[in-house]
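Trainee:
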Amino acid sequence: MPQLNPLDWAPQLIWLILTFGLLYLLMVWVALPRIGAVIDTRAAHIAADLASADKLRRETEEAIAAYEQALAEAKQKAHVIIDEGRAKLKDETAAERAKLDKKLAARSAEAEARIEKAKVSAMKEVNTVAVDVASDIVRKLIGAAPAKGVLETAVTTARKA
Amino acid sequence: MTVTDAHGVDQAAQHGGGGTGLPDPMHQFEVKRLIDLDVFGFDASFTNSGLFMVIAAVLIIVFTLLAMRRGALVPGRWQSVAEMSYEFVANMVRENVGTDGMKYFPFIFTLFMFVLALNMLGMVPYSFSVTSHIIVTFALAAFIFIGVTLIGFWKHGLGFLKFFVPSGVPFVMLPLLVVIEVISYLTRPVSLSVRLFANMMAGHTMLKVFASFVVALGFLGGWAALAFMVAFTGLEVLVAFLQAYVFAILTCIYLNDALHMH
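In order, the protein sequence lines correspond to chains U and X. FYI, the numbering for the first sequence is 1 to 161, going by the working numbering. FYI, the numbering for the second sequence is 1001 to 1262, going by the working numbering.
(1) With 9 Å set as the bound, which would you pick, yes or no: does the beta-carbon of D40 (chain U) sit closer than that to a beta-carbon of chain X?
(2) Cutting at 6 Å between CB atoms, please list the residues of its own chain near L1118 (chain X), excluding the five before and the five after it.
(3) Since I1135 (chain X) meets chain U, which of its residues come closer than 8 Å, beta carbon to beta carbon?
(4) So which of X:F1247, X:L1150 and X:V1230 has the shortest CA-CA distance to T1137 (chain X)?
(5) Which of the residues in the region 1039–1069 of chain X, read from start to end, lie with their CB under 8 Å from any CB of chain U?
(6) Please confirm whether L1051 (chain X) and V38 (chain U) have their CB atoms less than 9 Å apart.
(7) Check R1070 (chain X) in the structure and name its three-state DSSP category.
(8) Using only the alpha-carbon positions, how far apart do L4 (chain U) and S1191 (chain X) sit?
(9) Is there at least one Cβ from chain X nearer than 9 Å to L16 (chain U)'s Cβ?
(10) With 9 Å as the threshold, decide whether the Cβ of L71 (chain U) is near any Cβ in chain X.
(11) Pull up the distance between the alpha-carbon of F1197 (chain X) and that of R1094 (chain X), whole angstroms please.
(12) How would you label Y1254 (chain X), buried or exposed, when you count the other beta carbons within 10 angstroms and need 16 or more for buried?
(13) Which same chain residues end up closer than 6 Å to A147 (chain U) when comparing Cβ atoms and leaving out the 5 residues on each side of it in sequence?
(14) Give me the chain X residues within the contact set of Y67 (chain U), using Cβ-Cβ distance strictly less than 8 Å, ordered along the chain.
(15) So who's on the other strand from F1042 (chain X), going by DSSP bridges?
(16) Closer than 9 Å, CB to CB, is Q1243 (chain X) near chain U or not?
(17) Look at the Cβ atom of L32 (chain U), then the Cβ atom of Y1086 (chain X), and state whether they are nearer than 9 Å.
(18) Run the CB neighbour count on N127 (chain U), radius 10 Å, all protein chains shown included, and call it buried at 16 or more, exposed below.
(19) What residue from X:A1202, X:F1112, X:V1239 and X:R1069 has the CA that sits closest to H1133 (chain X)'s CA?
(20) Mind listing which residues of the region 24–39 of chain U have their C-beta closer than 8 Å to chain X's C-betas, in chain order?
(21) In chain order, what residues of the same chain lie with their CB nearer than 8 Å to the CB of A1225 (chain X), ignoring the 5 residues before and after it?
(22) Which residue marks the beginning of the alpha helix (DSSP H) containing Q76 (chain U), and which one marks its end?
(23) Which residue comes first and which comes last in the alpha helix (DSSP H) that contains P1175 (chain X)?
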């Protein structure tokens, strides 16, 4: 095995130390900071983008919440206005109806009174006519007209029966 | 690499073949000195192993820098891959060690990418698999082991020794269990390094052996070996990734033990 030849060890070890050491220093000083910086920059960029996206999303949510609140308030206000209008309308209608009822009641009472009056005068008329007719009949029958008072009493009694 | 290494029996000698007539499957692991160097008495020669370590490191640097060149907010293809590997390792550390383990993320990332690049480069024909050498994997594992142990003592002081005392066991059993715990802790660098090294070496040796069969079995029989090699190469790519992942995740687990003592 050529690997076990001690004469070859020293040159390999010396060049291993040289190359590995130099490579390590270059990695530490130049290459790794550069790669790390790029990766960190990207991570920071992505984090910033995500943060701004999150902020925008929160703002959108706030706007939506404000809009919904305004809508709810407007709805409530509309309800109040409708209820008020309805109540006012109801009151007005009731007042109007009451007024009309009173008017109609007065008129019908008046009409009833008139009818009563007409009825009473008509009844009186009937009595007078009956007395006249009875007087004429009696005169035709016996040739002499009876006394007016007697006739009236007789007619009244007959009508009552 | 082994796939195209098998040019035929006549090249066996060039590939280190012995008297068997078949190429030596271990030849691919030989370390060749490209430039001889001597630094303060140490043999610091630039070898094929060192070359592929340099290629791996350069590839990783070029890949990460070119991919992140624009640093776009919406990533393109290459940037996606770079960011994906970053996130992959970062999640691995976060899930296995926790947020306080992110301090060690650059090390785990470098380790994962380096081992992954070395393993994958080993799959390229004619290349050299650095991680198939025990000395390389053991050096990495030993560094991790020592580092993690130091972190444990630095974090918990001598209280870190309680890590070796399992809770809720009879007092009589304690000496035995402590010895077992210590041994299992000390074998960590060995198992960590051998796992990676053995996987890479075994896979590449297997590919080489079957590559030599392609020629040795002739025009009729060779197809079976070739078909096996194609399938096995796919498996080896998976193993190359998986072993890099396992190496990194075990490092995370050891680190978690040191930081949180469990």
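Built from N, CA and C at the ideal position, the CB exists for glycine as well.
Mentor: With the given structure in hand:
(1) In the first sequence, counting from the first residue as 1, residue 40 (chain U) sits at position 40. Output row for D40 (chain U): interface = no.
(2) Taking the second sequence and counting its residues from 1, one reaches residue 1118 (chain X) at position 118. Within the same chain, Cβ atoms closer than 6 Å to the Cβ of L1118 (chain X) are found at A1056, V1130 and T1131, the five residues on either side in sequence being excluded.
(3) For the purposes of this step, residue 1135 (chain X) is taken as residue 135 along the second sequence, with counting starting at 1. In chain order: Q3, D8, W9, Q12 and L13.
(4) In the second sequence, residue 1137 (chain X) corresponds to position 137, counting from 1. Comparing Cα positions, the closest option is X:F1247.
(5) V1039, F1042, D1043, A1044, S1045, F1046, T1047, S1049, G1050, M1053, V1054, A1056, A1057, I1060, I1061, T1064, L1065 and M1068
(6) Walking along the second sequence from the start, residue 1051 (chain X) turns up at place 51. Walking along the first sequence from the start, residue 38 (chain U) turns up at place 38. No, these two residues do not count as a Cβ contact at 9 Å.
(7) The sequence position of residue 1070 (chain X) within the second sequence is 70, counting from 1. It is coil, neither helix nor strand.
(8) Position 4 of the first sequence, counting from 1, holds the residue named residue 4 (chain U). Position 191 of the second sequence, counting from 1, holds the residue named residue 1191 (chain X). If I take the Cα positions, the gap works out to 17 Å.
(9) Here residue 16 (chain U) refers to the residue found at position 16 of the first sequence. At least one chain X Cβ lies under 9 Å of L16 (chain U).
(10) What you label residue 71 (chain U) is simply residue 71 of the first sequence in a count that begins at 1. With a threshold of 9 Å between beta carbons, L71 (chain U) makes no contact with chain X.
(11) On the second sequence, position 197 is the one that residue 1197 (chain X) refers to. On the second sequence, position 94 is the one that residue 1094 (chain X) refers to. Those two C-alpha atoms are separated by around 27 Å.
(12) The residue labelled residue 1254 (chain X) in the question sits at position 254 within the second sequence. Burial state of Y1254 (chain X) is buried, judged by a 10 Å Cβ sphere holding 16 or more other Cβ atoms.
(13) What you label residue 147 (chain U) is simply residue 147 of the first sequence in a count that begins at 1. Here A147 (chain U) has no same chain residue with a Cβ atom under 6 Å from its own Cβ, once five neighbours each way along the sequence are excluded.
(14) On the first sequence, residue 67 (chain U) is found 67 positions in, with the first residue counted as 1. Neighbours of Y67 (chain U) on chain X: none; closest Cβ ~37 Å, over 8 Å.
(15) Translated into the one-based positions of the second sequence, residue 1042 (chain X) becomes position 42. As DSSP reads the structure, F1042 (chain X) sits in a beta bridge with X:V1039.
(16) As a position in the second sequence, residue 1243 (chain X) is number 243, starting the count at 1. No, Q1243 (chain X) lies away from the interface with chain U (no Cβ there is under 9 Å from its Cβ).
(17) What you label residue 32 (chain U) is simply residue 32 of the first sequence in a count that begins at 1. What you label residue 1086 (chain X) is simply residue 86 of the second sequence in a count that begins at 1. Cβ atoms of L32 (chain U) and Y1086 (chain X): closer than 9 Å.
(18) Position 127 of the first sequence, counting from 1, holds the residue named residue 127 (chain U). By the 10 Å Cβ count, N127 (chain U) comes out exposed.
(19) One-based indexing of the second sequence puts residue 1133 (chain X) at position 133. When each option's Cα is compared against that of H1133 (chain X), the closest is X:A1202.
(20) Y24, L26, M27, V28, V30, A31, L32, R34, I35, G36, A37, V38 and I39
(21) Here residue 1225 (chain X) is taken as the residue at index 225 of the second sequence, counted from 1. Around A1225 (chain X), the same chain offers F1210, A1211, F1213, V1214 and L1217 as residues with beta carbons nearer than 8 Å, after the five sequence neighbours per side are excluded.
(22) Position 76 of the first sequence, counting from 1, holds the residue named residue 76 (chain U). Start and end: L32 to I142.
(23) Along the second sequence, read from residue 1 onward, the residue named residue 1175 (chain X) stands at position 175. Per DSSP, P1175 (chain X) belongs to the alpha helix (DSSP H) from L1174 to L1186.
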